[in-house]
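Student: According to our numbering, the sequence shown is numbered sequentially starting from 51.
Where is the CB? At the ideal position from N, CA and C, for every residue including glycine.
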Amino acid sequence: MRTPKVRELGEALRSLFSRPYTVRYPYEPVVPPEAFRGKPKFVEEECIGCGACAQVCPARAIDVVNVVEGGVGRRTLTIHHDHCIFCGQCHRFCTTEKGVILTNEFETGTYDRRQAIATVEKELVICQECGEVIATVDQLRWVAQKLGPKAFGNMGLTLLLSEDLGLVSPAVRDPRRALDRGDNVSILCPRCRREVILYEQWGP
Ligand code: SF4
Ligand code: SF4
Numbered sequence: 051m052r053t054p055k056v057r058e059l060g061e062a063l064r065s066l067f068s069r070p071y072t073v074r075y076p077y078e079p080v081v082p083p084e085a086f087r088g089k090p091k092f093v094e095e096e097c098i099g100c101g102a103c104a105q106v107c108p109a110r111a112i113d114v115v116n117v118v119e120g121g122v123g124r125r126t127l128t129i130h131h132d133h134c135i136f137c138g139q140c141h142r143f144c145t146t147e148k149g150v151i152l153t154n155e156f157e158t159g160t161y162d163r164r165q166a167i168a169t170v171e172k173e174l175v176i177c178q179e180c181g182e183v184i185a186t187v188d189q190l191r192w193v194a195q196k197l198g199p200k201a202f203g204n205m206g207l208t209l210l211l212s213e214d215l216g217l218v219s220p221a222v223r224d225p226r227r228a229l230d231r232g233d234n235v236s237i238l239c240p241r242c243r244r245e246v247i248l249y250e251q252w253g254p
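#1: What would DSSP say about Glu-179, mapped onto helix, strand or coil?
#2: Using DSSP with H/G/I as helix, E/B as strand and the rest coil, what is Gly-203?
#3: Would you call Trp-172 buried or exposed, if buried means 16 or more other Cβ atoms sit within 10 Å of its Cβ?
#4: What are the boundary residues of the alpha helix (DSSP H) that Arg-191 is part of?
#5: Around the C-beta of Ile-135, are 16 or more other C-beta atoms found within 10 angstroms, so that it is buried, or is it exposed?
#6: Under the rule that 16 or more other beta-carbon atoms within 10 Å means buried, what is Glu-155, buried or exposed?
#7: Secondary structure at Glu-147, three-state DSSP: helix, strand or coil?
#8: From the DSSP output, in three-state form, read off Thr-128 for me.
#9: Would you say Val-218 and Leu-229 are within 8 Å of each other, going by their C-beta atoms?
#10: Pop quiz: Cys-140 and Cys-103 are said to be a contact at Cβ under 8 Å. What is the actual Cβ separation, rounded to whole angstroms?
#11: Which residues bound the beta strand (DSSP E) around Glu-260?
#12: Cβ of Pro-240 within 7 Å of any heavy atom in ligand 2?
#13: Take every Cβ of the stretch 239 to 246, pair it with every Cβ of the stretch 173 to 182, and state whether three or more of those distances are shorter than 8 Å.
#14: Rank Arg-231, Thr-126, Asp-162 by C-alpha distance to the C-alpha of Gln-251 and give the top, closest one.
#15: Under 8 Å Cβ to Cβ from Val-187, same chain only, skipping five residues before and after it: list those, please.
#16: Hey, could you find the ends of the beta strand (DSSP E) Val-118 is sitting in?
#17: For ligand 1, is there a heavy atom less than 7 Å away from the beta-carbon of Thr-153?
#18: For Thr-169, name the three-state secondary structure that DSSP assigns.
#19: With hydrogens ignored, establish whether the beta-carbon of Pro-108 is closer than 7 Å to any heavy atom of ligand 2.
#20: Measuring only the C-alpha atoms, how far is His-133 from Arg-164?
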């Protein structure tokens, strides 16, 4: 019984003259280790706005909000740091693998929880017939890049790439006009594309 007590006393004396094991945070800054999982944030140039990170987030800390007005749409993705559990699933399953990263920032204290967020905004592609959201522009560009020349087998991607190359102007469709074969060269959602194909095959 006496030996452990002597050892503890020795450790107590040694600790009086050695450096403390704890850090002096918040009086001194702390540098987290390299693999530290801190606040996630979007990387604007790498994120395509697909929303896959929101689907895999176990804490439902990522919101995806589409706003469409006058045929123009924007998608806003928001990470709520006050809900985040810093698990890293968003980064692990990110479609581009680089659209969201975990920083080494760990301070989440705030007087206003609405400020504990990280956001990214992307332009949406809207169906020219029904106004349905198809995807983000960046998402379609990313798919086209993956497909290479095969992308030209899809009319929506062909139109997008042609616009990027300056070969065509963004088409404006009169919403009062019924679908017809001219809509083969419109940007359509899958449902409206099916309607046009049926029209082609079977007529009005
Ligand atoms: S690219 Fe990655 S970070 Fe951006 S929305 Fe898709 S999954 Fe989320
Ligand atoms: S780190 Fe985890 S909890 Fe936080 S946003 Fe990403 S997936 Fe959600």
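Tutor: Let's see:
#1: Within the sequence shown, numbered from 1, the residue matching residue 179 stands at position 129. In the structure shown, Glu-179 adopts coil according to DSSP, grouped into three states.
#2: Walking along the sequence shown from the start, residue 203 turns up at place 153. In the structure shown, Gly-203 sits in a helix (DSSP, three-state: H, G or I).
#3: Counting from one through the sequence shown, the residue named residue 172 turns up at place 122. Strictly speaking, residue 172 in this sequence is Lys, with Trp absent from that position. Looking at its Cβ environment, which holds 16 or more other Cβ atoms inside 10 Å, Lys-172 is buried.
#4: The residue you call residue 191 lines up with position 141 of the sequence shown. Residues 187 to 197.
#5: Translated into positions along the sequence shown, residue 135 becomes position 85. Exposed.
#6: Position 105 of the sequence shown, counting from 1, holds the residue named residue 155. So Glu-155 counts as exposed.
#7: For the purposes of this step, residue 147 is taken as the residue at position 97 of the sequence shown. Glu-147: coil per DSSP, three-state reduction.
#8: The sequence position of residue 128 within the sequence shown is 78, counting from 1. Thr-128 falls in the strand class under three-state DSSP.
#9: To locate residue 218, count along the sequence shown from 1; it is residue 168. To locate residue 229, count along the sequence shown from 1; it is residue 179. Going by C-beta atoms, Val-218 is not nearer than 8 Å to Leu-229.
#10: Reading the sequence shown from its first residue, position 90 is the one you call residue 140. Reading the sequence shown from its first residue, position 53 is the one you call residue 103. Contact holds; Cβ gap of about 4 Å.
#11: This structure does not reach residue 260, given that the chain is present from 51 up to 254, and the question cannot be answered.
#12: Residue numbering aside, residue 240 sits at position 190 when the sequence shown is read from its first letter. Pro-240 Cβ: outside cutoff for every heavy atom of ligand 2.
#13: yes
#14: Working through the sequence shown from its first residue, we reach residue 251 at position 201. That would be Arg-231, whose Cα lies nearest to the Cα of Gln-251.
#15: Mapped onto the sequence shown, residue 187 falls at position 137. Taken in chain order, the residues that qualify are Lys-172, Glu-173, Leu-174, Val-175, Leu-210.
#16: Within the sequence shown, numbered from 1, the residue matching residue 118 stands at position 68. Its beta strand (DSSP E) spans residues 112 to 119.
#17: Reading the sequence shown from its first residue, position 103 is the one you call residue 153. No, Cβ of Thr-153 sits at least 7 Å from all heavy atoms of ligand 1.
#18: Position 119 of the sequence shown holds residue 169. DSSP places Thr-169 in strand when its eight states are reduced to three.
#19: Reading the sequence shown from its first residue, position 58 is the one you call residue 108. Yes, Cβ of Pro-108 sits closer than 7 Å to a heavy atom of ligand 2.
#20: As a first step, residue 133 must be located in the sequence shown, where it is residue number 83. As a first step, residue 164 must be located in the sequence shown, where it is residue number 114. Across the structure, His-133 and Arg-164 are spaced so that their CA atoms are roughly 11 Å apart.
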